[in-house]
Amino acid sequence: MKAKIRQFVLNNFLFTGSHEDLDNDASFLDNGIMDSTGVLELVEFLENEFQISVEDTDLIRENLDSVNRVCLYLEKKGAAACRA
Amino acid sequence: MRFSRDVLRIDAEGEANRICDFIKDQVLQRYKRKGVVIGISGGIDSALLSVLCARTLEPERILGLILPEKESSPVSEPYAREQANALGIQVERVDLTPILSQLGVYEKKEEVIKRLCADYDPDQDKTKIALPWNLLERPSLSIFSLIVQKPDGSKRLFRLGADDFRAILAAQNMKQRSRMIQLYYHAERLHYVVGGTTNRTELEQGFFVKHGDAGVDIEPIAHLYKVQIFQLARCLGVVERILNRKPSPDTWSAEVSDEEFYFRMPFETLDLLLYAWNKGVETSEICQVLGLQPVQVERAFQDFESKRKATWDLRVMAPSLCA
């Protein structure tokens, strides 16, 4: 799961294959990795890749603003997402 | 100076004189042009600029351009004319609807809206996009929703995906860029400059369109926070109806204020927080003065930082390899 998320962010926002460029705890928004519209792209990816529905109330930094936060969010969303 | 609710109060007459000197110097000396063209929208920023220019230059050196289109508010034009008449400045009107139709602005937007809202009727329904209100009360990210307003007043909300949001924004931004084209046509034929109406709140948070409303020659009020625009406008006699009108982008058929569309909180609070953020005021002091919790201040500052970072390119010249 973490690897897929990392790959998505590296490919679509950092435009690099170099994994050292992305720290799992780095804030996407504070570090300029993505803006709010970029978060929407991330949300669409998560919904398609992990078969979840991201509610409007889930659109908060705590759930979406770093690789590790996204992983924790997916775990909260249920077992199906985590098995992916 | 200690942080307080009065920290943005200005000496209106002194500030007006300073701006008027700036306008005179820039227009007549630096640019060596004969006057100023202003896009007058019936809103407070362009009204204030008109008043300041009228204090500086003879009325015949100022041209107010009214640039309505089919989605403009019905009050924009009469308010703009009232302000222009009060100042005795010339006005010309150019309806942008045909140009925008040719560019496919309405069609491109409708395509997205119809996909999201199956029963959308462009002849009956009104639309707008907006960010979640109020940032201080809700931790949600600044993600736009489309709002479709039915004739009976009911509203339907649709969260916009990234592609849909970008498609709508790109289409809408053609409105500001079309206005810019008209402003420059008249400025160039008259040998005038185009006067900008961006204020500091908008400038810092990236609430303007590249080569749209930012496509201007001078920005005489870009150093003023929105609340200071209001202060100055009240003191200098901007018409009452404009003073009482909620600032709006005026690019959507449904009424939407700037606060609702982009800033996510009232200007009275926003500008004080922006000032505090810029000046590095301690969170504890901000909380005490504004009656906020630390988490609210942190949330506001994070949003400011995100918006500033995301719009960096609006405030710089295009990067190049020039030495």
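Just so you know, the sequences run in chain order L and H. Numbering-wise (this note's numbering), the first sequence opens with residue 2 and increments by one. Numbering-wise (this note's numbering), the second sequence opens with residue 8 and increments by one. Even for Gly, the Cβ is constructed at its ideal location relative to N, Cα and C.
Taken through DSSP and simplified to helix, strand or coil, H:PHE165 comes out as strand. Between L:LYS3 and L:SER28, the alpha-carbon positions lie close to 15 Å from each other. Using a Cβ distance threshold of 7 Å, H:LEU143 and H:GLN303 count as a contacting pair. When the Cα atoms are used, H:VAL323 and H:GLU20 turn out to be separated by approximately 31 Å. Of all residues in the stretch 21 to 32 of chain L, the ones placed with a Cβ closer than 8 Å to any Cβ belonging to chain H are LEU30, ASP31, in chain order. Under the 7 Å criterion on CB atoms, H:PHE172 is classed as interfacial with respect to chain L. It is roughly 42 Å from the alpha-carbon of H:ILE26 to the alpha-carbon of H:GLU117.
Look at the stretch 130 to 148 of chain H: the residues with a C-beta under 7 Å from a C-beta of chain L are PRO146, SER147, LEU148. Under the Cβ distance rule, H:LYS316 counts among the residues neighbouring chain L, one pair being separated by less than 7 Å. Legend: CB atoms of the stretch 61 to 73 of chain L lying less than 8 Å from CB atoms of chain H belong to residues ILE61, ARG62, GLU63, LEU65.
With its beta carbon less than 7 Å from one in chain L, H:ILE150 belongs to the interface. In this structure H:VAL223 touches H:GLY203 by the C-beta definition: roughly 3 Å separates them, less than 8 Å. For H:ASP220, same chain residues with a beta-carbon under 6 Å away, outside a window of 5 residues either side, are GLN183 in chain order. Within chain H, the residues placing a beta-carbon under 8 Å from that of L:VAL40 are LEU148, ILE150, ordered along the chain. The stretch 54 to 128 of chain H contains, as complete beta strand (DSSP E) runs of 3+ residues, the segments 69 to 73, 97 to 100 (chain order). H:GLN156 is bridged by DSSP to H:LYS133, H:LYS162. Of H:GLU195, H:ALA194, H:VAL98, H:ARG62, the smallest CA-CA separation from H:ASN24 is found for H:ARG62. Using a Cβ distance threshold of 7 Å, H:LEU59 and H:LEU103 do not count as a contacting pair. The DSSP-derived three-state label of H:ILE188 is helix. Contact with chain L is absent for H:GLY42, since none of that chain's Cβ atoms lies less than 7 Å from the residue's Cβ. Between H:PRO158 and H:GLN189, the CB-CB gap reaches or exceeds 7 Å. With fewer than 16 other beta carbons inside 10 angstroms of its own, L:PHE16 counts as exposed. Within the model, the alpha-carbon separation for H:GLU114 versus H:ASP18 is close to 48 Å.
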